[in-house]
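Sequence lines, in order, name chains A and B.
So the first sequence is residues 1 to 371, counted in the working numbering.
So the second sequence is residues 1 to 125, counted in the working numbering.
Note that the Cβ used here is the ideal one computed from N, Cα and C, for glycine as well.
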Amino acid sequence: MTDQDSEIKKTALYALHVELGGKMVPFAGYALPVQYENRGIIVEHQQARESAALFDVSHMGQVRLTGADRIAALEALVPTDITNLAVGNTRYSFFTNETGGILDDLMITQAEDCLILVINAACKDADIAHLRAGLKGDVKLEILDGLSLLALQGPKSAEVLGQWASEATTMSFMSTIDMTLAGVDCRVSRSGYSGEDGYEIAMASDQAEAFARKLLEHDAVSVSGLGARDSLRLEAGLCLYGNDIDATTSPIEAGLTWAIQKRRRAEGGFPGAEVIHGQLADGVSRKRVGILPEGRAPCREGTELTDDSGRVIGKITSGGFGPTAGGPVAMGYLETAFAPAGTVVQAMVRGKPRPCEVVKMPIVAHSFYRG
Amino acid sequence: MSEVKFSDDHEWVRIEGDVATVGITTFAQQQLGDVVYVEVPEAGTAVEKGGEVAVVESVKAASELYAPIDGEVVESNGGLADDPAAVNSDPEGEGWFFKMKITNAGQLDELMDEAAYKAFVESQS
Chain A
1 MTDQDSEIKK TALYALHVEL GGKMVPFAGY ALPVQYENRG IIVEHQQARE SAALFDVSHM
61 GQVRLTGADR IAALEALVPT DITNLAVGNT RYSFFTNETG GILDDLMITQ AEDCLILVIN
121 AACKDADIAH LRAGLKGDVK LEILDGLSLL ALQGPKSAEV LGQWASEATT MSFMSTIDMT
181 LAGVDCRVSR SGYSGEDGYE IAMASDQAEA FARKLLEHDA VSVSGLGARD SLRLEAGLCL
241 YGNDIDATTS PIEAGLTWAI QKRRRAEGGF PGAEVIHGQL ADGVSRKRVG ILPEGRAPCR
301 EGTELTDDSG RVIGKITSGG FGPTAGGPVA MGYLETAFAP AGTVVQAMVR GKPRPCEVVK
361 MPIVAHSFYR G
Chain B
1 MSEVKFSDDH EWVRIEGDVA TVGITTFAQQ QLGDVVYVEV PEAGTAVEKG GEVAVVESVK
61 AASELYAPID GEVVESNGGL ADDPAAVNSD PEGEGWFFKM KITNAGQLDE LMDEAAYKAF
121 VESQS
């Protein structure tokens, strides 16, 4: 066993993944299935678009903040309005840096007596250090490393959870409720990373495998891996941290202005607020856009985008094949003049320019539950 | 009579007279996963053993295909443009990539026969 092997962490579902034919790959320090034998990314992707796909997302970090100053303390690190976030609701957020870049994106849930954060696996250690250094006043941070996190995504997800708890079927999008499912105490959020209706479900790790097996007993449910998770979120126009957003991209450039609520825009009080105010007032020089390559050749991350004269005007940050779109799909950054939908730019693939159309995101329409 | 040989890049090479048909093996397509795009060389392209000659892309990634021997492409499988999934469903039949005229028959001896390739695959997994 090499050092690297010994450092790879396993989730509570590792044995189940292997049993189901998961092709295990290292991802953010965890052994996770990129796809499953006899299924494949396209089938696993369609599982989420048409039925209900079970993903193991236990690699993501879960953190609880308690203490009287928790809301103000966290607001000092993110541009999200947490003060007016109702109990039981969840918001998409990001940690910003002094230059208005993004250190990580996260989900914030307002619970009765605490805040629950879900952060990216690859950023977990840095985020926790950032929180410990930046949270001021009466606030206590607890890493919930005894919890696993499963995502059930797809139009039949509500029916599946509804067999145990009818409130799961009627809870609103981006709400979070503690409930008992199949005898297991769970924290259930109606959210996800696929563009479909679905849930993220946290439970004690020692119950995760048994719970996953209960989900898989339902005819509508099958497992899907990281490959499908990526193609789903790409079609849905959702950012992957490290690709589409990072410490050098601002939320305004990334098209995430909607996630900075009015009061925070007016008052600031988060890292990089002056830069972000300036960008809101004066505009930005580049924007994140959806990109549809013509023809069938995928355009991958890192592919340069040029105008007709060959001048580089941007770059693809995520790109591949979209099983629902039925062809190549991508997103990336373009100089603002080229960002309007309908603009045609050239992607340089293996030295040859390939025409691409700038499109509005999402490329595949969202089907979130709207009551 | 034809003879099939294999390269250590997981290509199969079917030899009929002085023409070789080239594709990727069942093992290779399983490793790639769902193939969504294939770029094959034009007839007349001169290729050198080890040189990039075609591209095969799965949902996840793009991979190069290297020429298993020297030669000149005489025909490509145009059907893969519309049906790249044939590389998955029938890798050693409908999913062939290109045919080439063999210009250095001595190189065929450097390829593996079926038994040697089978042992090679087992050593890889």
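Mapping DSSP to helix, strand and coil, what is residue i?
| i | result |
| --- | --- |
| A:Thr336 | helix |
| B:Glu92 | coil |
| A:Trp258 | helix |
| A:Ser367 | strand |
| A:Arg190 | coil |
| A:Ile8 | coil |
| A:Ile313 | strand |
| A:Thr180 | strand |
| A:Lys140 | strand |
| A:Met1 | The pLDDT assigned to A:Met1 is 41, lower than 50, so where the model puts this residue is not dependable, and the model offers no usable value. |
| B:Val35 | strand |
| B:Phe27 | helix |
| B:Val40 | coil |
| A:Ser222 | strand |
| A:Phe95 | strand |
Does residue i get closer than 9 Å to chain B when you measure Cβ to Cβ?
| i | result |
| --- | --- |
| A:Leu321 | According to the sequence as given, residue 321 of chain A is Phe; it is not Leu. Yes, A:Phe321 counts as interfacial toward chain B. |
| A:Ile41 | yes |
| A:Asp230 | yes |
| A:Ala297 | yes |
| A:Gln346 | no |
| A:Pro26 | no |
| A:His218 | no |
| A:Gln35 | yes |
| A:His366 | no |
| A:His45 | yes |
| A:Gly310 | no |
| A:Gly162 | no |
| A:Arg49 | no |
| A:Pro328 | yes |
| A:Gly268 | no |
Could you pull the DSSP bridge partners for residue i from this structure?
| i | result |
| --- | --- |
| B:Ser63 | B:Val56 |
| B:Lys99 | B:Thr21 and B:Glu75 |
| A:Asn89 | A:Ser175 |
| A:Lys352 | A:Val349 |
| A:Gln35 | A:Lys23 |
| A:Arg288 | A:Tyr333 |
| A:Phe321 | A:Pro328 |
| A:Trp164 | Paired residue(s): none; A:Trp164 is not in a bridge. |
| B:Arg14 | B:Val4 and B:Thr21 |
| A:Gln62 | A:Val118 |
| A:Glu196 | A:Ser367 |
| A:Gln110 | A:Leu115 |
| A:Tyr14 | Bridge partners of A:Tyr14: none, in fact. |
| A:Pro293 | A:Cys356 |
| A:Leu54 | A:Leu152 and A:Val223 |
| B:Met112 | B:Phe6 |
Taking C-beta to C-beta, are residue i and residue j nearer than 9 Å?
| i | j | result |
| --- | --- | --- |
| A:Leu141 | A:Leu77 | no |
| A:His59 | A:Gly22 | no |
| A:Cys356 | A:Val344 | yes |
| A:Val57 | A:Glu200 | yes |
| A:Glu235 | A:Arg286 | no |
| A:Gly237 | A:Gly195 | yes |
| A:Ser172 | A:Gly371 | yes |
| B:Ala47 | B:Gly79 | Checking the sequence shown, residue 47 of chain B turns out to be Val, not Ala. It is not a contact, given that the beta carbons lie outside the stated cut-off. |
| B:Val36 | B:Pro84 | yes |
| A:Ala48 | A:Gly162 | no |
| A:Gly302 | A:Ile316 | yes |
| B:Ala81 | B:Gly95 | no |
So, is the C-beta of residue i closer than 9 Å to a C-beta in chain A?
| i | result |
| --- | --- |
| B:Val19 | no |
| B:Asp34 | yes |
| B:Ser58 | yes |
| B:Glu92 | no |
For residue i, which option in the options has the closest C-alpha, if you only look at C-alpha atoms?
| i | options | result |
| --- | --- | --- |
| A:Glu159 | A:Asp197, A:Ala15, A:Leu334 and A:Gly320 | A:Asp197 |
| A:Val188 | A:Ser309, A:Leu103, A:Ala273 and A:Gly88 | A:Gly88 |
| B:Lys101 | B:Pro84, B:Glu52 and B:Ala43 | B:Ala43 |
| A:Leu149 | A:Gln163, A:Ala121 and A:Ile128 | A:Ala121 |
| A:Ile245 | A:Gly192, A:Tyr333, A:Pro328 and A:Leu305 | A:Tyr333 |
| A:Asp307 | A:Glu335, A:Arg288, A:Val184 and A:Arg300 | A:Glu335 |
| B:Ala61 | A:Arg300, A:Phe94 and A:Ile313 | A:Arg300 |
| A:Gly314 | A:Ile108, A:Leu292 and A:Phe338 | A:Phe338 |
| A:Pro251 | A:Val284, A:Glu267 and A:Val223 | A:Val284 |
| A:Thr39 | A:Ala297, A:Arg264 and A:Val223 | Note on identity: in this sequence residue 39 of chain A is Arg, with Thr being the wrong assignment. Minimum Cα distance to A:Arg39 is reached at A:Val223. |
| A:Asp230 | A:Pro26, A:Phe95 and A:Phe321 | A:Phe321 |
| B:His10 | B:Thr25, B:Trp96, B:Val53 and B:Val74 | B:Thr25 |
| B:Val74 | B:Phe97, B:Ala115, B:Gly106 and B:Ser7 | B:Phe97 |
Comparing the CB of residue i with every heavy atom of the ligand ADP, is any distance shorter than 8 Å?
| i | result |
| --- | --- |
| B:Lys49 | Looking at this structure, you won't find the ligand ADP or any other ligand, since it has none at all. |
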